[in-house]
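Trainee: Quick note on numbering: numbering that gives the first Met the number 0 labels position 39 of the sequence shown as 38, and the sequence is numbered without any gaps. Where a beta carbon is used, it is the ideal one built from N, C-alpha and C, also for glycine.
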Amino acid sequence: MSWLARTAVAAAVAGMLMGVASAAVTLDAARIGAQDVPALAKFYESAFGLKEVNRLQFPGMLEIMLNFGDTVDAAKANHAPQVVIMHRPSDAIDDPVPHIIFTVTDMAATTAAIQAAGGRLDGQPRPFGKSGMVIALARDPAGNRLELIQPPQR
Numbered sequence: 000m001s002w003l004a005r006t007a008v009a010a011a012v013a014g015m016l017m018g019v020a021s022a023a024v025t026l027d028a029a030r031i032g033a034q035d036v037p038a039l040a041k042f043y044e045s046a047f048g049l050k051e052v053n054r055l056q057f058p059g060m061l062e063i064m065l066n067f068g069d070t071v072d073a074a075k076a077n078h079a080p081q082v083v084i085m086h087r088p089s090d091a092i093d094d095p096v097p098h099i100i101f102t103v104t105d106m107a108a109t110t111a112a113i114q115a116a117g118g119r120l121d122g123q124p125r126p127f128g129k130s131g132m133v134i135a136l137a138r139d140p141a142g143n144r145l146e147l148i149q150p151p152q153r
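Pasting the structure below:
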């Protein structure tokens, strides 16, 4: 099954499940991993403007939480789901399913920022069927997959 078909099926299933989910359930965060947690946090700050809002450090464990905001205080006050980066022993991953999905308003600027910050594109941005959306797949410097969705231009 092609990536486009898998994405369409996943969206349809998610839409069907929305009626089943409890209103008391919300997304808290998306967790990814990296060998060098602080370096990957800097990537997300540079590429997407995220700010560090919390850091947990114990022997053998480091976790950095990031969120959107014009300042660190604004990011800390933001109640939206966070991106959490946790240490993992290796950046050698190749699982195509888990990834962070970002909505973007300017695909060209966002993909340029990803590349300037040290990430890479898995191909050029492309239209998603006749929906008006533009989709791009990328990877951060630790190999985590990113999906970028630019909604239809109005």
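Thinking just about the alpha-carbon of each residue, which of Gly32, Ile99, Leu49 is nearest to the one in Val71?
Mentor: Of Gly32, Ile99, Leu49, the residue nearest in Cα terms is Leu49.
Trainee: What are the boundary residues of the alpha helix (DSSP H) that includes Phe47?
Mentor: Residues 36-47.
Trainee: Please state whether DSSP places Ala107 in a helix, a strand or coil.
Mentor: In this structure, Ala107 counts as helix in the three-state DSSP scheme.
Trainee: Provide the residue span of the beta strand (DSSP E) that contains Ala29, from first to last.
Mentor: Its beta strand (DSSP E) spans residues 28-33.
Trainee: Are the beta-carbon atoms of Ile113 and Ile31 separated by less than 8 Å?
Mentor: No, the pair does not count as a contact, with Cβ atoms beyond the cut-off.
Trainee: Look at Asp105 and Gln34 and say whether their C-beta atoms are less than 8 Å apart.
Mentor: The answer is no: Cβ separation not under 8 Å.
Trainee: From which residue to which residue does the beta strand (DSSP E) around Lys50 run?
Mentor: Segment 50-57, the beta strand (DSSP E) holding Lys50.
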